[in-house]
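J.: Got a structure for you, written out below as C-alpha cells; questions coming shortly.
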Amino acid sequence: MGKDNGENIIKSIDEGPFKMGKFKETLAEGEEGVLHLGQEHDRVFADLLPEEKERFKADIRATNILKGSKLTKDDRESQLYDEFEHFRQNNRETIHDYNVRFTKLINDMRNIKMNMPKMQLKLKFVNNMLPEWGRFVTAVKLNRGLKESKYDQLYAYLKQHEAHANENKMMLERYNQHAIDPLALVSNVSP
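In C-alpha cells:
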C-alpha cells in the first residue's frame, strides 16, 4: 500500500485531483444487447473501482499534506528560530549526537527555505559546546579559522579530540567536586 500510495500521490500532483465523473445507470437490456440507459448521475465513492478508491484517498491525503504545510510554515519557522536560538550541547551528549541534532535542525530550516549565514551556523555549533571542549574550540578558532573551514571539517576535527575532551570532562568534574566541598580537597591532598 505504501508504494501505491506514493504513486497515487504523485499522480494527484501531476494530473490534478481525481475526477469521479458521471455515469448513466443501465435500466434494462433491450433486443440484440442494446442497453436502455437512465439519466446521467454524478459518481459517488461507492461507484468507484478499488484502484479508483485508492487514488481518491491518496488525493485527499496529498491535499491535506499540502494544506497543512502551508498553514504552519510561519509557526514552524518561528519554532525553528527559537530552537536555533536555544541550541546547546546537552550534558553527557557525544559530539556525534550533538552533530546529528544540529544537522537535523539545519536541514529542517533549509526544508522550509530558512537561510542563515554559514558563519553564524559555524559559530553556533562551536560556541555552544560543553566546557570540556573549550580548548579544542579555541584551537579551531585560532589555527583552522572558522571562515575558511566548512562545517563538516569542524565536526571532523573536533571528533578527533573526543577522547581528550572526555579526559577534560573528568578533570573538571573532579575539580568541581572539590569546589563544592573544600574539606574534600584538603583530605585528598594531605598524606
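Each step along the sequence shown adds one to the number in my numbering, with nothing skipped, and position 35 is 35.
Think of the CB as a built atom: it goes at the ideal place given N, C-alpha and C, for glycine as much as any other residue.
Computed from a predicted structure; not experimentally measured.
1. Mind checking which residues open and close the alpha helix (DSSP H) that includes Ala156?
2. Could you check which residue in Gly21, Gln160, Phe84 has the C-alpha nearest to that of Asn128?
3. Would you kindly work out how many angstroms separate the C-alpha atoms of Ile60 and Gly16, rounded to a whole number?
4. With DSSP as the reference, please indicate the residues paired to Lys22 in a beta bridge.
5. In the DSSP assignment, the alpha helix (DSSP H) including His86 goes from what residue to what residue?
6. Can you give me the start and stop residues for the alpha helix (DSSP H) that Ile112 sits inside?
7. Is it true that the CB of Gln39 sits closer than 8 Å to the CB of Lys24?
8. CB-CB under 6 Å to Leu130, same chain, minus the five flanking residues each way: which ones, in chain order?
9. Just to confirm my understanding: we take Gly277, look at its own chain, exclude 5 residues before and 5 after, and list those with CB closer than 8 Å. What are they?
10. Tell me where the alpha helix (DSSP H) around Gly138 begins and ends.
T.: Taking the coordinates as given:
1. Per DSSP, the continuous alpha helix (DSSP H) segment holding Ala156 begins and ends at 151-160.
2. If we check each option's Cα against that of Asn128, Phe84 comes out closest.
3. In this structure, the CA atom of Ile60 is about 12 Å from the CA atom of Gly16.
4. For Lys22, which the question treats as bridged, DSSP gives the partners Asp42.
5. Going by DSSP, His86 is part of no alpha helix (DSSP H) at all; its letter is neither H nor E.
6. That residue, Ile112, is in no alpha helix (DSSP H); it is neither H nor E in DSSP.
7. With a cutoff of 8 Å on beta-carbon distance, Lys24 and Gln39 are scored as near each other.
8. Answer for Leu130: Gln89, listed in chain order.
9. A query on residue 277 cannot be resolved here, the shown segment of the chain reaching from 1 to 191 and no further.
10. For the sequence presented, residue 138 should be read as Thr rather than Gly. The continuous alpha helix (DSSP H) containing Thr138 extends over residues 134-139.
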